[in-house]
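Structure record follows, encoded as structure tokens.
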Amino acid sequence: MSTGSSLQRLLDHAQRLVTLSGADEIMAASCREVLSLTGATRVFASCCLPRQTWEHGVHIETDVSDSRPASPKVRSAMFALHRKAVSAASTFEVARTDELAAVFAGLGCADVKDSIWVRPIVHRTGRVWGELALISPAHPDVEGVAELTQLATVALENAHRLAFARRHQDRLLLLSEATEDALYDWDFDSRDFWWGGGILKLYGGDPDPVASSPRWKHDCIHPEDTERIRTSFDHARFSTAMRWEGDYRFRHHDGTYRNVEDRAYFLRDATGRAYRAIGSMRDVTAFTQLLAREHVARAQAETASRAKDEFLAMLGHELRNPLAPIVTGLELLRMRGTIDLDRDLPVMQRQAQHLIRLVDDLLDISRITHGKIELRRERIDVATLIAASVETATPLIAGRRHALDLKVPAGLVVHADRARLVQAIGNLVTNAAKYTEPGGTITLAAGRQGDHIAISVRDTGVGIAPEMLPHIFSMFVQERQSLDRSQGGLGLGLAIVRNLVELHGGTVEARSPGRGLGSELTIRLPAATPAEDAAQPDAPRAHVAGRRRRILVVDDNEDAADLLSAVLEQLGNTTRVAHDADSALRLLEEFDAECAVLDIGLPVVDGYELARRLRQRPGMRRLQLIALTGYGQQSDREEATRAGFDAHLVKPVAIDALQALISKV
Amino acid sequence: MLSSIERMQPGDHYCGVYRSDDDWRAIIVDFVKGGIARNEKIVYLVNLTSAEQLRAILADAGIGVDALIDKGQLVILTAKEAYLKDGQFEPDKMIALLGEETDKAIAEGYTALRATGEMTWALAGEPGSERLVEYESRINELFKTHKLYGLCQYDRRRFDSEMLLDILHVHPNVLFGKEGYDNSQMYYVPPQAFLERDRQSATLDTWLKNLSARGARPATP
Chain A
0 MSTGSSLQRL LDHAQRLVTL SGADEIMAAS CREVLSLTGA TRVFASCCLP
50 RQTWEHGVHI ETDVSDSRPA SPKVRSAMFA LHRKAVSAAS TFEVARTDEL
100 AAVFAGLGCA DVKDSIWVRP IVHRTGRVWG ELALISPAHP DVEGVAELTQ
150 LATVALENAH RLAFARRHQD RLLLLSEATE DALYDWDFDS RDFWWGGGIL
200 KLYGGDPDPV ASSPRWKHDC IHPEDTERIR TSFDHARFST AMRWEGDYRF
250 RHHDGTYRNV EDRAYFLRDA TGRAYRAIGS MRDVTAFTQL LAREHVARAQ
300 AETASRAKDE FLAMLGHELR NPLAPIVTGL ELLRMRGTID LDRDLPVMQR
350 QAQHLIRLVD DLLDISRITH GKIELRRERI DVATLIAASV ETATPLIAGR
400 RHALDLKVPA GLVVHADRAR LVQAIGNLVT NAAKYTEPGG TITLAAGRQG
450 DHIAISVRDT GVGIAPEMLP HIFSMFVQER QSLDRSQGGL GLGLAIVRNL
500 VELHGGTVEA RSPGRGLGSE LTIRLPAATP AEDAAQPDAP RAHVAGRRRR
550 ILVVDDNEDA ADLLSAVLEQ LGNTTRVAHD ADSALRLLEE FDAECAVLDI
600 GLPVVDGYEL ARRLRQRPGM RRLQLIALTG YGQQSDREEA TRAGFDAHLV
650 KPVAIDALQA LISKV
Chain B
0 MLSSIERMQP GDHYCGVYRS DDDWRAIIVD FVKGGIARNE KIVYLVNLTS
50 AEQLRAILAD AGIGVDALID KGQLVILTAK EAYLKDGQFE PDKMIALLGE
100 ETDKAIAEGY TALRATGEMT WALAGEPGSE RLVEYESRIN ELFKTHKLYG
150 LCQYDRRRFD SEMLLDILHV HPNVLFGKEG YDNSQMYYVP PQAFLERDRQ
200 SATLDTWLKN LSARGARPAT P
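Taken in sequence, the protein lines are chains A and B. For what it's worth, numbering that gives the first Met the number 0 labels the leading residue of the first sequence as 0, then goes sequentially. For what it's worth, numbering that gives the first Met the number 0 labels the leading residue of the second sequence as 0, then goes sequentially.
Have a look at this one:
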């Protein structure tokens, strides 16, 4: 058939086939062409592309009137022919045997003159993809069928490849749409540069500048990163590496830079030369920032933890310092049986006071941290505040022979808690005295600054290093060491100052020209407005009366109980001592107490429970109950009140305060 | 008795691939003898052989065929009577039929049903015959729950290699010549995977799993 017009016809058919993309269309067109070319009465085709099973394959039947999907019977018959075709290389005629009667019936070859010829569709890999079956009374044009089958095979292969490529392309297209990463494809030879994926998001703004050139990408790299990235990329490109990775800053539309992770894969030719790079860029700015913040937070946490450790070590040391002379004094007392009231006792009292101050500081910082400080505000003249503050530090100032310079005009008024501000300013003055070598000068000045009153304490002392200035108001920080560290302290003073001042709505600031050059600490407080009425002044302290009271002291710490009892006796009272709840209850049966001072931490039955039991006894309802504890939280006070206590005192107890309470009975 | 036949257990689904008539004869004779020895009901579906030829072969081997048939322990049917009951092969119906026959055999006092068939019927282009491999795969589920032996006979000389490859994928046990082989961890692909749309990928995944289950090759000393 392959000459002249028949050749033209074959070419036309081939051209038609290449426009078809579906295997069913190709098989139907091929069947029709075979039908019209060979004189066959019917043509059937079956075809299973790779990864297709028989039921998912293409099955066509064609007669003079039509091409259509094959009926189930035809499919079964073609399956039997396929079994024979897989072992055949070329066209064969099917013998009409009993064994294959179903095949002949299935393909409608009732007439014995009809024969079945089968032409396998053999892919170039040798795999039989399917077959054509021709029903013809005469011997068909085998060569023509072979040529048409060959064309069908090529068309099927192309369609299959195209479908595969299209699926692949769709997948890449969707991936490019879905990903947040910027994608690029760089052909080194043609200098074609393609951007895809999230490049517009990474670059932001107007897409025009997202130019398709490698130059543009290069220009967007931060100048400080350019050389490093170019060198490492070229090194990978001109080696045998299959991939390259780089981290750098990539310019955004708005001129800022994004941190990106760039990963490229190289395509190499047979000589190993890279001719193309395909890569992705991921914006890791948020991650990088998070990481940096995490590093800072970790460093801060480590510093804080170190500061706390150092503080605890120092706390142990500082508590031990005043304890040593007290213990020594007691030892002397034991050895001598007496004590030097002029020499030893003041030492012990001073050291005990020092201990109390340390513990007070700790408790203050704890209350401040937990927001449990309540201010009792009143209108106060700043001059009186400063005078009271200086008074607390006078022994230290005098002892270190400092000159004190006061520049405080009258008429500066703040609305504040007197005791707390005296404490804050006193702390500053004490610090100035401590951290200035003997013979220095301390200047206290106050003045109005707009709506605020500034109170400053300047010294000629050891000064503060510039790097420490931002930290000196933090807890546990103690930068200004006196030369022999003889002044000690917990490093809480300035933290307390800041917190107290901030509670008043003020600020505190430190300045120092540097180490050894003195320093100036300034408190700024809002000036009082005329509308702010003076708060009710504190009720005058109850007068410590001298009337004898009958007092029961209950504490399981025998020393503490005996000492307190001795002091109360010294003040003219009659006392009894018990060390637990049971003995306290027994004692009260014979001792008509007016007042009972109960330690809360008693064994077995605690102070709260003892108070409840006492309150339930007839005749005990009027007994004055005073709780004595190491816990000074508001909740502890409330618990004491609920248990029936009249008052709650925190250890170490101030004797004045205790006597004042007792005197109310 | 061939040891390969001796080792068969209820629940075994074998494909018997043979290349000579002698091997075939040895296998089917012992398969029937094994059933008699274990008091099992035996169903034989002929296609290449006629029922008469089969009876003669069994009788020659000393089996009291007539008595067996009379008492109902041996049933000989043509493959078309069973597989193509309504003129069409339908896997669901065939699987259901085998399940019912097994239950019936147990009810009759036999210990199991032992079925074997000459599979050449599937080459004849009968309606539905192209679903043979699907059927062979799906019936594996029946063998898990029923006291049923299956021996599907495939003549290597008549079946093309493409089809036998599929057959090898769907039988967990293989009788090749006269020897029996456990195929469950070799080329067998369970129905859940084999009946996937992408049979090639499922087969590949199963084989790679089998491979890694065998452990890595030890280092050369």
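Glycine included, each C-beta is placed from N, C-alpha and C at the ideal position. No experiment lies behind these values; they were computed from the predicted model shown.
If the criterion is Cβ atoms closer than 8 angstroms, does the pair F249(A) and M280(A) meet it? yes
Looking at G196(A): is its Cβ nearer than 8 angstroms to the Cβ of S175(A)? yes
Relative to the alpha-carbon of L318(A), which residue among P139(A), R356(A), R118(A), E60(A) has its alpha-carbon at the smallest distance? R356(A)
Is the number of C-beta pairs between the stretch 117–130 of chain B and the stretch 58–70 of chain B that are closer than 8 angstroms three or more? no
Looking at the C-beta of V144(A), does it have a partner C-beta in chain B at a distance below 8 angstroms? no
Can you tell me which residues form a DSSP beta bridge with D376(A)? In the sequence as displayed, the identity of residue 376(A) is Arg instead of Asp. R376(A) pairs with D416(A).
Start and end of the beta strand (DSSP E) containing Q348(A)? No beta strand (DSSP E) holds Q348(A); the alpha helix (DSSP H) holding it covers 343–368.
Using the C-alpha atoms, what's the distance from H251(A) back to R257(A)? 7 angstroms
Give me the subset of the stretch 120–131 of chain B whose CB atoms are less than 7 angstroms from a CB atom of chain A, sorted by chain position. L122, A123, G124, E125, P126, G127, S128, E129
Let's test the definition: count the other Cβ atoms within 10 Å of the Cβ of M334(A) and tell me whether it reaches 16, buried, or not, exposed. exposed
When the Cα atoms are used, what is the spatial distance from S3(B) to D21(B)? 16 angstroms
Beta carbon proximity, F78(A) to chain D, threshold 8 angstroms: Absence of chain D from the displayed structure is noted, the protein chains being A and B.
Are V28(B) and E117(B) closer than 8 angstroms when you measure CB to CB? no
Using three-state DSSP, classify D110(A) as helix, strand or coil. coil
At the level of alpha carbons, what is the spacing between D561(A) and L648(A)? 18 angstroms
Taking beta-carbon pairs under 9 angstroms, can you tell me which members of the stretch 99–113 of chain A lie near chain B? L99, A100, A101, V102, F103, A104, G105, L106
Between A88(A), V603(A), T640(A), A312(A), which lies nearest to R611(A) when the distance is taken from Cα to Cα? T640(A)
Name, in chain order, the residues that DSSP records as bridge partners for R67(A). E60(A)
Got a sec? Which residues, its chain only, sit under 8 angstroms from F472(A) by beta carbon, not counting five neighbours each side? L493, A494, V496, R497, V507, A509
For I115(A), which option in V85(A), H138(A), G125(A), G129(A) has the closest C-alpha, if you only look at C-alpha atoms? H138(A)
Can F43(A) and V17(A) be called in contact, C-beta distance under 8 angstroms? no
Would a check of beta-carbon distances place M118(B) closer than 8 angstroms to chain A? no
Cβ neighbour criterion (16 or more within 10 Å) applied to N38(B): exposed
How long is the line joining the alpha carbons of D253(A) and I228(A), rounded to whole angstroms? 22 angstroms
What does a CB cutoff of less than 7 angstroms around T239(A) pick up in its chain, not counting 5 residues either side in sequence? G271
Apart from the five residues on each side of it in sequence, which residues of its chain come closer than 8 angstroms, Cβ to Cβ, to A88(A)? P119, V121
Let me check understanding here. Comparing Cα to Cα, which of C30(A), S75(A), V389(A), A100(A) lies closest to E60(A)? C30(A)
Going by C-alpha to C-alpha distance, which of L163(B), Y134(B), D69(B) sits closest to P190(B)? Y134(B)
Are A132(A) and A101(A) closer than 8 angstroms when you measure CB to CB? no
Quick one, are the C-beta atoms of L624(A) and F644(A) less than 8 angstroms apart? yes
State yes or no: is the beta carbon of V85(A) nearer than 8 angstroms to at least one beta carbon in chain B? yes
Using beta carbons (cut-off 8 angstroms, strictly below), is R74(A) in contact with chain B? yes
For my contact list, D555(A) and P602(A) are in at a C-beta cut-off of 8 angstroms; report their separation, rounded to the angstrom. 6 angstroms
With three or more C-beta pairs closer than 8 angstroms as the rule, is the stretch 510–522 of chain A touching the stretch 449–464 of chain A? yes
Chain-order list of residues whose beta-carbon lies under 8 angstroms from that of R41(A) (same chain, five-residue window excluded): L34, E60, T61, D62, L106, G107, L133, I134
List, in chain order, every chain A residue whose beta-carbon is nearer than 8 angstroms to that of R198(B). R50, T52
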